[in-house]
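K.L.:
When the letters of the sequence shown are read in order and numbered with our numbering, they come out as residues 53 to 189.
Mind looking over this structure? Questions follow.
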Amino acid sequence: MTIKEILKFSKNIAVVGLSPDKSKPSHYVSKFMQEKGYKIYPIYPKFDEILNEKVYRNLSEIKDDIDIVLMFRKAEFASEIIDDVINKGAKTFWLQLGIKNEEAKIKALNKGINFIEDKCIMVEYQNIFLKKYINIV
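Written out as C-alpha cells, the structure is:
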C-alpha cells in the first residue's frame, strides 16, 4: 500500500509514546491527526487521559481494531513492539521521523504489515491531502 492509501483507509491510530507535554512532537502530531478525523489511542506508562482519550499502558489493552501503530520511542524499542503489532493485527507499523529499525521492518514485511520508517505522519498527511496549488501569472 502507498502512504496515501494507508492514510486514506485507516481510522484508528495507536500512538506508542504519546507524551502529555504539548511541546513534544508525539503530542502535537497526534493532536493534528485527531483533528483530521482519526481516532487516537495513546499508549503511555503514566496518565489516565491525553488529548481527551483514555490512555493505555500497552497495545494489547486496546480492545478496538488498530489500523496504524505509530511509534515515538527510541529505535530499538521497535524490535520489542513489533510482536505486539503482529498479535494485534494492525495493518501498518509507522516509525516517526528519525526512527529506523531493520529487524522490525523485516518482521513486519514478512507478516504482510505495511512498514514506514523515518517519516512524519503529519508531514505526509499535509503533503498528500493539504497541498495547495498556486498558479503564478
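Think of the CB as a built atom: it goes at the ideal place given N, C-alpha and C, for glycine as much as any other residue.
Bear in mind that the values here come from a model prediction, so they are computed numbers and not experimental data.
1) Could you check where the beta strand (DSSP E) with N166 kicks off and where it finishes?
2) So if DSSP puts F145 in a beta bridge, which residue, or which two residues, is it bridged to?
3) Relative to the C-alpha of I95, which residue among K83, R109, F84 and M174 is closest?
4) Measure the alpha-carbon distance for Y177 versus K56 and round it to whole angstroms.
5) What are the residues that DSSP puts in a beta bridge with A66?
6) Measuring only the C-alpha atoms, how far is S62 from E101?
7) Would DSSP call K183 helix, strand or coil?
8) Provide the residue span of the alpha helix (DSSP H) that contains A127, from first to last.
9) Helix, strand or coil: how does DSSP classify I114 here?
10) Spatial neighbours of H79 within its chain, please: C-beta separation below 8 Å, excluding the five flanking residues on both sides.
11) Between K183, I138, L182 and I120, which lies nearest to I168 when the distance is taken from Cα to Cα?
12) Under three-state DSSP, which class holds K106?
13) Could you check whether I165 and K140 sit closer than 8 Å to each other, using their CB atoms as the reference points?
14) Expressed to the nearest angstrom, what Euclidean distance is found between the alpha-carbon atoms of V189 and I114?
P.N.:
With the given structure in hand:
1) Taking the sequence shown and counting its residues from 1, one reaches residue 166 at position 114. First-last of the beta strand (DSSP E) with N166: N166 to I168.
2) Position 93 of the sequence shown, counted from the first residue, corresponds to residue 145. BP columns for F145 point to V121 and F167.
3) Indexing the sequence shown from 1 puts residue 95 at position 43. Taking only the C-alpha atoms, the option nearest I95 is R109.
4) To locate residue 177, count along the sequence shown from 1; it is residue 125. To locate residue 56, count along the sequence shown from 1; it is residue 4. Their Cα atoms are separated by approximately 8 Å.
5) Working through the sequence shown from its first residue, we reach residue 66 at position 14. For A66, which the question treats as bridged, DSSP gives the partners Y93 and V121.
6) In the sequence shown, residue 62 corresponds to position 10, counting from 1. In the sequence shown, residue 101 corresponds to position 49, counting from 1. Each residue's Cα considered, the two are about 23 Å apart.
7) Locating residue 183 in the sequence shown gives position 131, where the first residue counts as 1. In the structure shown, K183 sits in coil (DSSP, three-state: anything other than H, G, I, E or B).
8) For the purposes of this step, residue 127 is identified with residue 75 of the sequence shown, where counting begins at 1. Per DSSP, A127 belongs to no alpha helix (DSSP H) and is neither H nor E.
9) Start at 1 with the first residue of the sequence shown, and residue 114 comes out as number 62. In the structure shown, I114 sits in coil (DSSP, three-state: anything other than H, G, I, E or B).
10) The residue given as residue 79 occupies position 27 in the sequence shown. These residues qualify, in order along the chain: L70, S71, P72, D73, I102 and L103.
11) The residue labelled residue 168 in the question sits at position 116 within the sequence shown. Relative to I168, the option among K183, I138, L182 and I120 whose CA is nearest is I120.
12) For the purposes of this step, residue 106 is taken as the residue at position 54 of the sequence shown. Reduced to three states, the DSSP call for K106 is strand.
13) For the purposes of this step, residue 140 is identified with residue 88 of the sequence shown, where counting begins at 1. For the purposes of this step, residue 165 is identified with residue 113 of the sequence shown, where counting begins at 1. Going by C-beta atoms, K140 is not nearer than 8 Å to I165.
14) In the sequence shown, the residue the question calls residue 189 occupies position 137. In the sequence shown, the residue the question calls residue 114 occupies position 62. Because the pLDDT at V189 is just 49, under 50, the model does not fix this residue reliably, and the value given afterwards should be weighed accordingly. Cα-Cα distance, rounded: 52 Å.
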